[in-house]
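Note sheet for the following structure.
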Amino acid sequence: MNKYNKKSQEKVRQALHEMKKGKLHSGSNGKKVTNPKQAIAIGLSEARKDK
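Residue numbers (the numbering used here): 547 to 597.
This is the structure we're talking about:
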């Protein structure tokens, strides 16, 4: 059973993919994200913003 809905899962998947490519940056300081947990948090945050 999935923990999040389809839209949230898609955002998290995109964020993890960007992190692996080195294109995901965090917040206002713009540092590159290297931690998968941080990428998941960013993906969930983006999904909440789109709601």
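We treat Cβ as the ideally placed atom computed from N, Cα and C, and that holds for glycine. From a predicted model like this one, the values you see are computed outputs, not experimental measurements.
Separation of residue j from residue i, as counted between CA atoms
i           : j           : result
residue 550 : residue 580 : 23 Å
residue 578 : residue 587 : 14 Å
residue 583 : residue 548 : 17 Å
residue 665 : residue 589 : Only positions 547 to 597 of the chain appear in the structure, and residue 665 is not among them; the question remains open.
residue 554 : residue 597 : 10 Å
residue 552 : residue 595 : 15 Å
residue 560 : residue 573 : 17 Å
Nearest-angstrom Cβ-Cβ length linking residue i and residue j, presumed shorter than 8 Å
i           : j           : result
residue 585 : residue 562 : 5 Å
Residue i burial status per 10 Å Cβ neighbour count (16 or more: buried)
i           : result
residue 557 : buried
Coil, strand or helix - residue i by DSSP
i           : result
residue 578 : strand
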